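First to last, the sequence lines map onto chains A and B.
The opening position of the first sequence corresponds to residue 2 in the numbering used here, with each subsequent residue numbered one higher.
The opening position of the second sequence corresponds to residue 2 in the numbering used here, with each subsequent residue numbered one higher.
Number of protein chains: 2
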Amino acid sequence: MPGAPHIGDRERVILTAIVETFIATGEPVGSRTLARANAEGLSPATIRNVMADLSDAGLLEQPHTSAGRIPTAEAYRYYVEQLSGKAQISPQDQSIIQDSMHGITNVQEFMERTSHVLSLISKNVGVAVATGGSRNALEHVYFSRLGDQKVLAVVVTRSGVVRDRVLRMDLPQSELDAAARFINENFRGWTMDAMRAEVLRRIEQERSEYDRLLNSVEQLYRQGALGSEDSLQAVFIGGAANLVAGEKDRERLQELLQTLEEKQKVVQLLGAYVDAKQEAVRVVIGLDDAIPSMRNLVLIGAPARVGDEVMGSLAVIGPTRMDYQHTITAVSYIARLFDQVLNESE
Amino acid sequence: MPGAPHIGDRERVILTAIVETFIATGEPVGSRTLARANAEGLSPATIRNVMADLSDAGLLEQPHTSAGRIPTAEAYRYYVEQLSGKAQISPQDQSIIQDSMHGITNVQEFMERTSHVLSLISKNVGVAVATGGSRNALEHVYFSRLGDQKVLAVVVTRSGVVRDRVLRMDLPQSELDAAARFINENFRGWTMDAMRAEVLRRIEQERSEYDRLLNSVEQLYRQGALGSEDSLQAVFIGGAANLVAGEKDRERLQELLQTLEEKQKVVQLLGAYVDAKQEAVRVVIGLDDAIPSMRNLVLIGAPARVGDEVMGSLAVIGPTRMDYQHTITAVSYIARLFDQVLNESE
DNA sequence: ATCAGCATTCTTGAGTGCCGAGTGCTAAGC
DNA sequence: GCTTAGCACTCGGCACTCAAGAATGCTGAT
Numbered sequence: 002m003p004g005a006p007h008i009g010d011r012e013r014v015i016l017t018a019i020v021e022t023f024i025a026t027g028e029p030v031g032s033r034t035l036a037r038a039n040a041e042g043l044s045p046a047t048i049r050n051v052m053a054d055l056s057d058a059g060l061l062e063q064p065h066t067s068a069g070r071i072p073t074a075e076a077y078r079y080y081v082e083q084l085s086g087k088a089q090i091s092p093q094d095q096s097i098i099q100d101s102m103h104g105i106t107n108v109q110e111f112m113e114r115t116s117h118v119l120s121l122i123s124k125n126v127g128v129a130v131a132t133g134g135s136r137n138a139l140e141h142v143y144f145s146r147l148g149d150q151k152v153l154a155v156v157v158t159r160s161g162v163v164r165d166r167v168l169r170m171d172l173p174q175s176e177l178d179a180a181a182r183f184i185n186e187n188f189r190g191w192t193m194d195a196m197r198a199e200v201l202r203r204i205e206q207e208r209s210e211y212d213r214l215l216n217s218v219e220q221l222y223r224q225g226a227l228g229s230e231d232s233l234q235a236v237f238i239g240g241a242a243n244l245v246a247g248e249k250d251r252e253r254l255q256e257l258l259q260t261l262e263e264k265q266k267v268v269q270l271l272g273a274y275v276d277a278k279q280e281a282v283r284v285v286i287g288l289d290d291a292i293p294s295m296r297n298l299v300l301i302g303a304p305a306r307v308g309d310e311v312m313g314s315l316a317v318i319g320p321t322r323m324d325y326q327h328t329i330t331a332v333s334y335i336a337r338l339f340d341q342v343l344n345e346s347e
Numbered sequence: 002m003p004g005a006p007h008i009g010d011r012e013r014v015i016l017t018a019i020v021e022t023f024i025a026t027g028e029p030v031g032s033r034t035l036a037r038a039n040a041e042g043l044s045p046a047t048i049r050n051v052m053a054d055l056s057d058a059g060l061l062e063q064p065h066t067s068a069g070r071i072p073t074a075e076a077y078r079y080y081v082e083q084l085s086g087k088a089q090i091s092p093q094d095q096s097i098i099q100d101s102m103h104g105i106t107n108v109q110e111f112m113e114r115t116s117h118v119l120s121l122i123s124k125n126v127g128v129a130v131a132t133g134g135s136r137n138a139l140e141h142v143y144f145s146r147l148g149d150q151k152v153l154a155v156v157v158t159r160s161g162v163v164r165d166r167v168l169r170m171d172l173p174q175s176e177l178d179a180a181a182r183f184i185n186e187n188f189r190g191w192t193m194d195a196m197r198a199e200v201l202r203r204i205e206q207e208r209s210e211y212d213r214l215l216n217s218v219e220q221l222y223r224q225g226a227l228g229s230e231d232s233l234q235a236v237f238i239g240g241a242a243n244l245v246a247g248e249k250d251r252e253r254l255q256e257l258l259q260t261l262e263e264k265q266k267v268v269q270l271l272g273a274y275v276d277a278k279q280e281a282v283r284v285v286i287g288l289d290d291a292i293p294s295m296r297n298l299v300l301i302g303a304p305a306r307v308g309d310e311v312m313g314s315l316a317v318i319g320p321t322r323m324d325y326q327h328t329i330t331a332v333s334y335i336a337r338l339f340d341q342v343l344n345e346s347e
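Pasting the structure below:
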C-alpha cells in the first residue's frame with residue numbers, strides 16, 4: 002500500500018463504477034467493459050491507468066493476470082462511506098414490511114419476523130437478536146413448584162418480555178410465594194442488577210429480620226432465576242437459504258451455515274459490531290476478525306431500541322457483493338419501526 | 002410392477018446388500034462390486050439375474066443403461082421393515098446426548114437441544130416441535146398493562162410451559178387483576194378448552210352475578226390470550242447445514258433450506274406423520290406427498306410425551322440414503338429420555 | 001494528459017479418444 | 001433347472017489439446 006494517489010474525482014467515479022458493476026455482474030470488471038458502460042466517455046486505456054493506480058492504492062485486486070479487477074474490502078468501505086444515506090425506502094419494501102409485521106404479539110415475534118423480512122428484502126441472511134436482560138425493569142415474578150425438586154420461575158419485565166426457567170431447588174411453595182410477593186411488592190420497576198445489589202445489602206445489614214426471605218431470594222438469584230442477561234437471548238435467523246446462491250464453494254457454504262446455527266457466535270458478532278449507544282446503521286465489511294468462518298462477509302446492522310432501552314439488534318449478513326444502499330435503508334427503516342410499534346399503540 | 006417374484010431368502014439378502022452398499026457409497030451398485038463384497042460367494046451373473054427380478058418388482062432402478070442399480074423408495078421401505086429394531090444405542094451417542102442435555106431449563110430448551118443433538122448424531126437435519134397447547138392443564142395466569150392499549154398475558158401450564166402474548170384491549174388493570182384472580186382460583190388444573198366451555202356456560206346461566214368478570218375472561222379468550230394450541234408451537238431445527246453435503250443440486254438445496262425455514266410446513270409435516278397416540282418411532286420414506294419440495298427425503302420421527310401428555314414431536318429429516326438403524330435408535334432414545342427428564346427429578 | 005495499437009497472458013469451452021464398469025443374453029456346467 | 005462364464009455393447013468420466021475471447025501493460029503519437 003504505497004502512498005495513496007489521493008483519490009480525486011475521476012478516481013472516485015471509476016472506483017464507484019467498478020464496485021457497482023461488480024456487484025451487479027459478479028465478474029471481474031475490465032477496462033473495456035467499463036468504458037462501454039460508463040457514459041463518461043473515457044477510453045479503456047485511460048481507465049486502465051486509473052485502475053493501475055487504484056490497484057497500487059490497495060483498492061483493486063486481480064484474480065489472475067489477465068482477468069478484470071475486483072474491489073477489495075477497502076474499496077467497499079470507501080464505496081459505502083461515500084454512499085450518503087439519502088435514499089428513501091422503496092414502496093415495495095415498505096409494503097412487504099407492513100404485511101409481515103401485521104399482528105405482532107410480542108418482542109420475540111417481532112424479532113422473528115424481522116429476520117424473515119430482512120432476508121426477503123436483502124436476499125441475504127436476516128438476523129435479529131433479542132437481548133435486553135438485566136437492564137430491563139422488573140414488572141412481575143412468579144414461582145411455581147413443578148415436580149419433585151423443580152421450580153418454575155417466570156419473570157416479566159416492564160417492556161413486556163417474558164422469560165421462564167426451571168430451577169432445581171427445594172424451597173417449599175409457601176416460601177416461594179413469600180419470595181415472589183416480597184419481590185413484587187418491593188422491587189417492581191427495579192433492574193435485576195440493582196435488585197440483587199439491594200438484596201445483598203439488606204442481607205448484610207438487617208440480617209436478623211428478613212433472614213429467611215432474603216435468603217430465598219438470594220438462592221433464586223444464584224440459580225439464575227432472576228439473572229443475568231445472557232440466558233434471555235433469543236436469536237432469529239432468516240433466509241439462510243440465500244447463502245446457497247452466493248457461495249460457490251460447498252465446504253465454505255456448509256461452514257457458514259454451521260456457524261449461523263451456533264447462535265452464540267451470532268450474538269457475539271452483533272454484540273461486537275452493533276453499537277447499542279448509537280442509533281445509526283453500522284456497516285462492517287470483512288467479518289473475519291470476529292469470526293474466521295465469516296471471512297468476506299459483510300454485516301449491516303442496527304440496534305433495536307424502545308425509547309432509550311436497547312432490546313436487541315438486527316442485521317443483514319451477506320457477501321461483500323450486495324446491494325448496500327437498498328439493505329442499509331431497509332435495516333434503518335425496521336430499526337425505527339421497532340420503536341414505533343412497541344412503544345405506543347400500534 | 003408385474004407380479005412380484007415373491008421375495009425369497011436370496012432376494013432379500015441381495016436387496017439388503019444393495020441398499021446398504023448404496024447407503025455407504027452413494028454410487029449405483031453393480032453386480033460385480035456386490036459379488037466381490039458379498040461373502041455369500043455368488044457370481045456376478047447370478048446376482049444380475051436377481052437384480053433383474055428386483056427391477057421388475059419395482060425395487061431397483063437404473064439411472065442409465067450401463068450404470069449400476071439404485072434402490073427405489075419401495076426398496077427402502079422394505080429394508081426398514083425387515084430392520085428389526087433390536088439395536089442398542091451406542092455409548093458414544095449416549096454420551097453425546099447426555100452432554101448436550103445437561104442443565105436443561107425448560108421444555109423449549111429441551112427441544113432446541115434435541116434438534117441439535119439429533120443433527121449431530123444422524124448427520125442430518127434434526128427437528129423438534131413443541132406443541133401441546135390447550136390440552137395442557139392450566140397452572141397460573143397473569144395479566145399486565147403494557148402501554149396505551151396493550152395488555153401482556155402470561156400463561157403457565159402445569160407441565161411448565163410458559164407462553165406470553167401481547168393483546169390489544171382496554172380493560173383496566175383492576176379488571177385484569179380480578180380476571181386473573183378468578184381464573185387462578187377457579188380453574189387451576191383445567192384445560193384451556195374445558196375452561197372456556199365452562200366460562201361460556203356460566204355466562205349463559207348466571208348472567209347476572211359474574212357478569213363483568215366473566216365477560217372480561219371471555220374477551221381475553223377472544224384475543225387469544227388463553228388460546229388454542231397453534232400459537233404455542235415452537236419449532237427447532239438443527240443441522241440444516243448437513244443438507245449441503247447430501248444434496249448436489251444447488252437449486253434443490255436452496256429450495257429445501259427455504260422449506261425448512263417455513264416452520265409451519267415443518268409442523269404440518271410432523272403433525273401428519275408422527276402419530277401422537279403411538280409411542281413408536283415412525284419412518285416415512287418419500288415426503289413428497291406432504292411437501293413437494295421434500296421429495297426423496299425421509300422422516301424418522303417420534304412423539305415427545307410426558308406421561309400421557311403429548312408435548313411435541315421430534316424427528317430427523319434426511320435423504321433416503323442415511324443410516325436408518327443408527328438414526329432410529331437415536332430418535333427412540335431421545336423420545337424416551339424426554340419423558341424421564343421432564344417427568345421426575347432429573 | 002489522453003488514447004490507439006500490439007504482444008502477452010490466462011481462462012473457458014468445445015472436441016476427441018480412451019478406460020472402466022455395468023448390462024443383457026446366450027451357451028455351457030453341476 | 002439353477003448357476004456361471006463369456007461376449008458384445010453402452011455410457012459416463014477423465015485427460016488432453018486447441019482455439020477463442022478478454023484483459024493487461026507498454027510504447028508512441030496526438
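Idealized CB from N, CA, C, for every residue including glycine.
For clarity, every value in this text was computed on a predicted model and none was experimentally measured.
- Listed in chain order, the positions of the stretch 90-115 of chain A with a beta carbon within less than 8 Å of a beta carbon of chain B are Ile105, Thr106, Asn107.
- Cβ proximity to chain B below 8 Å picks out Glu140, His141, Tyr143, Ser145, Leu147, Gly148 from the stretch 135-148 of chain A.
- The closest CA to that of alanine 241 of chain B, considering only B/Leu153, B/Val108, B/Ala129, is found on B/Ala129.
- Across the structure, proline 293 of chain B and valine 51 of chain B are spaced so that their CA atoms are roughly 33 Å apart.
- The shortest CA-to-CA distance from glutamine 326 of chain A to any of A/Tyr77, A/Ile98, A/Gln206 is the one to A/Tyr77.
- Excluding five sequence positions before and after glutamate 140 of chain B, the CB atoms of its chain that fall closer than 7 Å to its own CB belong to Val157, Thr158, Arg159, Arg189, given in chain order.
- Assigned with DSSP and collapsed to three states, isoleucine 122 of chain A falls in helix.
- For the stretch 260-291 of chain B, the beta-carbon criterion of a distance under 7 Å to any beta-carbon of chain A is satisfied by Glu262.
- With fewer than 16 other Cβ atoms from the protein chains shown falling within 10 Å of its own Cβ, glutamate 252 of chain A counts as exposed.
- Taking the Cβ atoms as the reference, glycine 31 of chain B lies roughly 19 Å from glycine 59 of chain B, outside the contact range of under 8 Å.
- Contacts with chain A at 8 Å (Cβ-Cβ) do not include alanine 316 of chain B.
- A direct Cα-to-Cα measurement between glycine 161 of chain B and lysine 151 of chain A gives close to 10 Å.
- Serine 314 of chain B sits in a strand when the DSSP states are folded into three classes.
- Counted as a single uninterrupted DSSP element, the alpha helix (DSSP H) harbouring glycine 272 of chain A occupies residues 264-274.
- Distance from the CA of valine 317 of chain B to the CA of aspartate 171 of chain A, rounded to the nearest whole angstrom, comes to 37 Å.
- For leucine 201 of chain A, the enclosing alpha helix (DSSP H) covers residues 193-206.
- Counting only residues of its own chain and dropping the five nearest sequence neighbours on each side, leucine 153 of chain A has a CB closer than 6 Å to the CB of Ser145, Leu147, Val167.
- Val245, Ala246, Arg251, Leu254, Gln255: these are the residues of the stretch 243-256 of chain A whose beta carbon lies less than 7 Å from some beta carbon of chain B, given in chain order.
- Close partners of valine 157 of chain B in chain A (Cβ separation under 9 Å): Tyr143, Ser145, Leu153, Val155, Asp165.
- For glutamate 140 of chain A, the enclosing beta strand (DSSP E) stretches over residues 139-146.
- When rounded, the separation of the alpha-carbon atoms in alanine 235 of chain B and glutamine 99 of chain A is 24 Å.
- For alanine 241 of chain A, the chain B residues whose C-beta falls within less than 8 Å of its own C-beta are Ala241, Leu258, Glu262, listed in chain order.
- Judged by beta-carbon spacing, leucine 254 of chain B lies within the 8 Å limit of leucine 244 of chain B, meaning their Cβ atoms are closer than that value.
- Between isoleucine 48 of chain B and alanine 38 of chain B, the C-beta spacing is not below 8 Å.
- Note that the C-beta distance between valine 155 of chain A and valine 142 of chain B is not below 8 Å.
- With distances taken between CA atoms, tyrosine 79 of chain A lies nearest to A/Leu61 out of A/Leu61, A/Ala181, A/Lys87.
- Per DSSP, the beta bridge partners of proline 304 of chain A are A/Ser314.
- Inclusion of asparagine 137 of chain B and glutamate 310 of chain B in the CB contact set at 8 Å is warranted, their separation being smaller than that value.
- At a cut-off of 8 Å between C-beta atoms, glycine 161 of chain A counts as an interface residue with respect to chain B.
- Arginine 114 of chain B sits buried, since 16 or more C-beta atoms from the chains shown fall within 10 Å of its C-beta.
- Counting the other Cβ atoms within 10 Å of the Cβ of alanine 88 of chain A gives fewer than 16, which makes it exposed.
- With 16 or more other CB atoms across the displayed protein chains lying within 10 angstroms of its CB, asparagine 125 of chain A is buried.
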